[in-house]
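*Asks:* What follows is a structure written as structure tokens; I'll ask about it next.
2 protein chains.
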Amino acid sequence: MRKSENPESEEIKAVLFEMGEKARIASYELAAMTVHAKNECLMAMAAMLESSTDEILAANEKDMRAGMENAMSVAMLDRLRLSHERISEMAQGLRNVVSLEDPVGRRLSTVIRPNGLKIEKISVPIGVIGIIYESRPNVTVDAAGLCLKAGNAVILRGGSEAINSNIALARALHAGGTKSGLPDGAVQLIPWTSREAVQVMLKMNQYINLIIPRGGESLIKTVVENSTIPVIKHYKGVCHIYVDCEYDADMALRIIENAKCQRPGVCNSIEKLLINESILNEFGPKAAQLLTEKGVELRGDEKFCSVVPSAIPASDSDWSEEYLGLVITVGVVNDVEEAIYHINKWSSSHSDGIVTANPQTAEKFLNGIDSAAVYWNASTRFTDGGEFGMGAEIGISTDKIHARGPMGLPELNTYKYLVIGNGQIRD
Amino acid sequence: MRKSENPESEEIKAVLFEMGEKARIASYELAAMTVHAKNECLMAMAAMLESSTDEILAANEKDMRAGMENAMSVAMLDRLRLSHERISEMAQGLRNVVSLEDPVGRRLSTVIRPNGLKIEKISVPIGVIGIIYESRPNVTVDAAGLCLKAGNAVILRGGSEAINSNIALARALHAGGTKSGLPDGAVQLIPWTSREAVQVMLKMNQYINLIIPRGGESLIKTVVENSTIPVIKHYKGVCHIYVDCEYDADMALRIIENAKCQRPGVCNSIEKLLINESILNEFGPKAAQLLTEKGVELRGDEKFCSVVPSAIPASDSDWSEEYLGLVITVGVVNDVEEAIYHINKWSSSHSDGIVTANPQTAEKFLNGIDSAAVYWNASTRFTDGGEFGMGAEIGISTDKIHARGPMGLPELNTYKYLVIGNGQIRD
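Taken in order, these protein sequences are the chains called E and P. Under our numbering, the letters of the first sequence match residues 1 to 427, in that order. Under our numbering, the letters of the second sequence match residues 1001 to 1427, in that order.
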């Protein structure tokens, strides 16, 4: 018997298709909603989150107990844990989305053709967005708020660790929203955690227009390999800083410390450091001392290890690994061209920077590096929707199609052409 | 033994990976080329096409003979056939691309943040684009020209019917281009026609950034189901015209005739007609007479057939079928809302139009229809890069991600952020 023929699968499929159809219908209603109406829904959702705090905390308690029984790590448990404060932060997040500009209906261009046809390019919602994510329950609220403001229906599929919390959060969002006129299918959460549900979801092309996976490498890989729906990946951050020979040592050290140590568990922190060979003897030991003092484990290529003997010789896999912790791999390059070559080869195309006092060298680097964000004399930690002035982000795309880098509200829209005539036909 | 372990597969994989690596390296060189240098390559490619006419025609002759032996249809043979004139049209196509504006390096926005960081959003090439197409050999030249002007390397995979023609064309493009400084891996054609080569290509995420399939439904389906690389579909055109109750009958007839009959084999011609019920008795027979005179087979829903008894009762599949010929299915709706609902359900989201004299009704339709191009009082046949003023197009996207409708040079670019500081770190 083929797997899809077992009754349980058929039930999953039937329920998901029903959710898909509801989302599709809701997406048309959302696309037509005024910004005022959308904002009222967001406010009502925020209020309902706060007034449902007890139910949400009770549901979260179940997830926490299950996590402890399954020997979840302290860091994971901390990401999973909700509190009064965290719930009111989520509600505040929704209220912040209210203050953001409506991305829908922007006139992107207008052309009058010689035959008199007027062609307007207008921003419109994408339609139905599927979000697949792990552990942190706040994604349920953040993603729903941003998708709604951008006029999209959303189908959420969170991780099994947080299933009870997510169901309680989604229920509050739905109840609050629909009381204020939110279409019934606008915010839906898949109530199962089986892999099968994800497999069905990833092939629902007739209902879902875009999948955004947020999570670790294996989640992203599963989604990319199985989805027939367009995917915008929020993949790992293997970020670099290259220190050029014409440089301010204090600035370089400050940037390296910030980019590596300020919050090592996030995707815009650096995992690799490249040093120009001509400053290796002078700068290598200084950087090593600073990083070692901060508790960072040093790995290095042969040249770096010859100057900093305490560094561990790097293996090939070190160049592509995202440590998300206090580890860094240091390499030595001859010039900016070699740095560019190395970074384009090994970077995950997220955020890479140069420290140099020479504008020509900086320009080469800025032009040559093929990453979403390329920095000159600043920490890579700024790759973030808030820091870029977007107000909020649904994540950071490491893809090149549609959206690159932080994805804010405009990136949750597409466009259509309105063609207005008075009887024109084609010759 | 697994299929991928047979030596032939391994050879295909090895050659394709080598092509991918060459393309990736070429893409960095292309991204850095001036518009002048790219234009010189395009001119040299055009000249080499013309001076290679004899070789190209000899190769095409082989494909034509094989086509005739395989009992290819007259229409297919005509699409495959090259001539002196068609080759010089292709060369002229490349020269036209020279005159188009360079899409690379546009400053899309500049922001100065409160901390002094300057964030510039700049258009850059996508990287490596894979084009998978059928029969018409001119796609080889058009796609290569547009990808090159937009700064992308291209890997072409044409249909087996045209393999000899495509190899000869690609050889001329490569020879002409490289003489003028085109990077070696900028324009490459996969020399095999096996499905296996496509399967390998569709999973070369490390080398290819975007796949554009151009062809029939089964080609698109295969690509979408198997690609782990982002795909922008150029899918079928199931286009509609809705004739409202407040209308100019002459304009409606002129637009319907043009949209259905002027070139019925292309994606922007209409396949369906919707008529407002209150004008059915008056307009139905007129439209039927006109279309019948033009040789169009009429199919219709129950209401339409009751007024036009010569129409064939439509089956369910008629509503989603792209005939690409002289057939149309006609339905009757109560009002613009029902027309919108019907079109959003059955359209392929390509091009749909309304004929109405009422601006409020038109606005409802323009806002409500979820298609790449939405028309008011004009023929849908204008959905085309040239007609939209883009100069040239690589195709017409029926997807909503990255590009929608005609894809010109700007849609063959993405962007990156340049972040320029003087030592900023994050708190």
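No residue lacks a Cβ here, since even glycine has one placed at the ideal position from N, Cα and C. Predicted model only: the values in this text are computed from it and were never measured.
Give me the residue from E:Pro359, E:Val332, E:Asp384, E:Leu253 with the minimum Cα distance to Val266 of chain E.
*Replies:* For the residues E:Pro359, E:Val332, E:Asp384, E:Leu253, the minimum Cα distance to Val266 of chain E belongs to E:Asp384.
*Asks:* How many angstroms separate the CA atom of Leu202 of chain E from the CA atom of Ala1026 of chain P?
*Replies:* If I take the Cα positions, the gap works out to 34 Å.
*Asks:* Examine the Cβ distances between the segment 1162-1169 of chain P and the segment 1051-1063 of chain P and report whether three or more of them are shorter than 8 Å.
*Replies:* Enough Cβ pairs lie closer than 8 Å, so yes.
*Asks:* Which term fits Ser1004 of chain P, buried or exposed, when burial requires 16 or more other beta carbons within 10 angstroms of its beta carbon?
*Replies:* Here Ser1004 of chain P scores only 36 on pLDDT, less than 50, and its place in the model is too uncertain to base an answer on.
*Asks:* State the Cα-Cα distance for the pair His984 of chain P and Lys400 of chain E, rounded to the nearest angstrom.
*Replies:* Since the displayed chain P opens at 1001 and closes at 1427, residue 984 of chain P lies outside it and no answer follows.
*Asks:* Compute the Euclidean distance between the alpha carbons of Arg381 of chain E and Ala1197 of chain P, then round it to the nearest angstrom.
*Replies:* Roughly 41 Å between the two C-alpha positions.
*Asks:* If we ignore side chains and look at the alpha-carbon of each, how far apart do Glu1246 of chain P and Ala1378 of chain P end up?
*Replies:* Looking at the two C-alpha atoms, the distance is approximately 15 Å.
*Asks:* Mapping DSSP to helix, strand and coil, what is Trp1192 of chain P?
*Replies:* Trp1192 of chain P falls in the coil class under three-state DSSP.
*Asks:* Can the beta-carbon of Gly405 of chain E be found less than 8 Å from the beta-carbon of Glu322 of chain E?
*Replies:* Not in contact: Gly405 of chain E and Glu322 of chain E (Cβ atoms no closer than 8 Å).
*Asks:* Where Pro7 of chain E and Ile394 of chain E are concerned, what is the direct C-alpha to C-alpha distance, given to the nearest angstrom?
*Replies:* Residue confidence is low: Pro7 of chain E scores 48 on pLDDT, short of 50, so the model does not pin down where it sits. Its coordinate-derived value is still stated next. Computed Cα separation, rounded: 36 Å.
*Asks:* Which residues in chain E have a C-beta closer than 9 Å to the C-beta of Met1251 of chain P? List them in chain order.
*Replies:* In chain order: Asn422, Gly423.
*Asks:* Just how far apart, CA to CA, sit Arg113 of chain E and His1240 of chain P?
*Replies:* Going from the Cα of Arg113 of chain E to the Cα of His1240 of chain P covers about 23 Å.
*Asks:* Would Asn1281 of chain P and Asp1335 of chain P qualify as a contact pair, given that the criterion is a beta-carbon distance under 8 Å?
*Replies:* In this structure, Asp1335 of chain P does not lie closer than 8 Å to Asn1281 of chain P by Cβ.
*Asks:* Can you tell me whether Arg1002 of chain P is buried or exposed? The criterion is at least 16 other CB atoms within 10 Å of its CB, across all chains shown.
*Replies:* Because Arg1002 of chain P sits at a pLDDT of 36, beneath the cut-off of 50, its placement in the model cannot be relied upon, and the following sentence gives the value as read from the coordinates. Classification of Arg1002 of chain P: exposed, given that the 10 Å Cβ count is below 16.
*Asks:* Nearest chain E C-beta to Asp1399 of chain P closer than 8 Å, yes or no?
*Replies:* So, interface residue.
*Asks:* When DSSP builds the beta bridges, which residues end up paired with Glu297 of chain E?
*Replies:* DSSP output for Glu297 of chain E lists E:Val327 as bridge partner(s).
*Asks:* Could you tell me which uninterrupted alpha helix (DSSP H) segments, each at least 4 residues in length, are contained entirely in the segment 354-427 of chain E, listed from first to last along the chain?
*Replies:* Taking only runs of at least 4 residues, the alpha helix (DSSP H) segments lying wholly in the segment 354-427 of chain E are 359-368.
*Asks:* So which of P:Asp1248, P:Met1033, P:Val1187 has the shortest CA-CA distance to Gly1020 of chain P?
*Replies:* Per the Cα distances, P:Val1187.
*Asks:* Decide yes or no for the touch test of the segment 202-217 of chain E against the segment 129-149 of chain E: beta carbon pairs closer than 8 Å, at least 3 of them.
*Replies:* Yes: the two stretches touch, three or more of their Cβ pairs being nearer than 8 Å.
*Asks:* Within 10 angstroms of the Cβ of Thr1361 of chain P, are there 16 or more other Cβ atoms? Answer buried if so, exposed if not.
*Replies:* When all chains shown are included, Thr1361 of chain P counts as buried.
*Asks:* Taking contact to mean 3 or more Cβ pairs, one atom from each stretch, closer than 8 Å, check whether the segment 366-374 of chain E and the segment 335-352 of chain E are in contact.
*Replies:* Yes, since at least three Cβ pairs between the segment 366-374 of chain E and the segment 335-352 of chain E fall closer than 8 Å, the two stretches touch.
*Asks:* Thinking C-beta only, is Ala1023 of chain P closer than 8 Å to Asn1413 of chain P?
*Replies:* No, Cβ-Cβ distance for Asn1413 of chain P and Ala1023 of chain P is not below 8 Å.
*Asks:* Helix, strand or coil, according to DSSP, for Leu1016 of chain P in the structure here?
*Replies:* In the structure shown, Leu1016 of chain P sits in a helix (DSSP, three-state: H, G or I).
*Asks:* Please name the residues in the segment 1369-1400 of chain P whose beta-carbon is closer than 9 Å to at least one beta-carbon of chain C, in chain order.
*Replies:* The structure shown contains no chain C; its protein chains are E and P.
*Asks:* For Tyr242 of chain E, which residues does DSSP report across the bridge?
*Replies:* Paired residues: E:Leu274, E:Ile354.
*Asks:* Below 8 Å, how does it come out for the segment 252-259 of chain E and the segment 222-230 of chain E: are there three or more Cβ pairs, yes or no?
*Replies:* Taking 8 Å as the limit for Cβ pairs, the verdict is that the segment 222-230 of chain E does not touch the segment 252-259 of chain E.
*Asks:* Helix, strand or coil for Leu108 of chain E, going by three-state DSSP, please let me know.
*Replies:* Strand.
*Asks:* Using only alpha-carbon positions, find the residue among P:Pro1103, P:Leu1146, P:Pro1359 that is nearest to Ala1392 of chain P.
*Replies:* When each option's Cα is compared against that of Ala1392 of chain P, the closest is P:Leu1146.
*Asks:* What does the Cβ neighbour count give for His234 of chain E, buried or exposed, with the cut at 16 atoms within 10 Å?
*Replies:* By the 10 Å Cβ count, His234 of chain E comes out buried.
*Asks:* So, at 6 Å on beta carbons, what are the nonlocal neighbours of Ile1208 of chain P in its own chain, with the 5 sequence-adjacent residues on each side left out?
*Replies:* Val1128, Gly1130, Ile1229, listed in sequence order.
*Asks:* Kindly list, in the order they appear in chain P, the residues whose Cβ is closer than 8 Å to that of Ile126 of chain E.
*Replies:* Within chain P, the residues near Ile126 of chain E are Lys1400, Ile1401.
*Asks:* Note down, in chain order, all residues in the segment 1190-1206 of chain P with a beta-carbon under 8 Å from any beta-carbon belonging to chain E.
*Replies:* If the cut-off is 8 Å between Cβ atoms, the segment 1190-1206 of chain P has Asn1205 near chain E.
*Asks:* For Val243 of chain E, go through chain P and note every residue whose CB falls closer than 7 Å to its CB, in chain order.
*Replies:* Ordered by position in chain P, no residue passes the 7 Å Cβ test against Val243 of chain E, which lies about 13 Å from the chain.
*Asks:* Cβ closer than 8 Å: which chain P residues qualify as neighbours of Thr228 of chain E?
*Replies:* What Thr228 of chain E touches in chain P: Val1224, Glu1225.
*Asks:* For Tyr235 of chain E, which of helix, strand or coil comes out of DSSP?
*Replies:* Coil.
*Asks:* How close, in whole Å, do the beta carbons of Met1043 of chain P and Val1098 of chain P come, if the pair is a contact with beta carbons under 8 Å?
*Replies:* With 8 Å as the limit, Met1043 of chain P and Val1098 of chain P qualify as a contact, their Cβ atoms being about 6 Å apart.
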